[in-house]
Amino acid sequence: MGPLKPYYIKAREAGLDPVGQETAKQLDPEEMAKTALTPLFPDSGILAKIGLLDDPQYNHNNVNLGCIECHGSFIIAEPEGKLKGWPNAGVGRINPDGSLGSCTYCHTRHKFSVAEARKPETCGQCHLGPDHPQHEIYEESK
Numbered sequence: 262m263g264p265l266k267p268y269y270i271k272a273r274e275a276g277l278d279p280v281g282q283e284t285a286k287q288l289d290p291e292e293m294a295k296t297a298l299t300p301l302f303p304d305s306g307i308l309a310k311i312g313l314l315d316d317p318q319y320n321h322n323n324v325n326l327g328c329i330e331c332h333g334s335f336i337i338a339e340p341e342g343k344l345k346g347w348p349n350a351g352v353g354r355i356n357p358d359g360s361l362g363s364c365t366y367c368h369t370r371h372k373f374s375v376a377e378a379r380k381p382e383t384c385g386q387c388h389l390g391p392d393h394p395q396h397e398i399y400e401e402s403k
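The sequence shown begins at 262 in this note's numbering and counts up one residue at a time.
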């Protein structure tokens, strides 16, 4: 279950179906994710730990938009058929059926393979730059 475990536990304790759309609406998934899904949201991750969220000069909206662009957010199917939170190709998005993620960040549509997903070049598409220096670290370590 991974990072969704707290969400599933809270839903079960409330007598709700963890993957149901009504559950997502009742539990306010965005607020839940900020505290439960650490890797997906800056409110519960490293930005909170280093005190940046307490800095009045910090522009929280820009980071939310920047982080959610890659990390994803909840996609909720509204009664009229519209999808709240869509489009969203984030690797950590929460899909309407409760599943996690988008495969296309690591697997191309032409060749869906584990080998392709594990290539450093694949990871480097996102983990690059001052906020995610993993690819630069890998390149320097060769």
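Backbone N, C-alpha and C define an ideal beta-carbon position, used for all residues, glycine too.
{"Asked": "Cα-Cα separation between Asn356 and Pro381, rounded to whole angstroms", "Found": "27 Å"}
{"Asked": "DSSP three-state assignment for Ala338, whether helix, strand or coil", "Found": "strand"}
{"Asked": "Lys271, DSSP secondary structure in three states", "Found": "helix"}
{"Asked": "Residues of its chain near Gly346, where Cβ-Cβ distance is below 7 Å and the 5 sequence neighbours each way are ignored", "Found": "Ser334, Phe335, Ile336 and Ile337"}
{"Asked": "Own chain partners of Gly390 with C-beta closer than 7 Å, once the 5 adjacent residues on each side are dropped", "Found": "none"}
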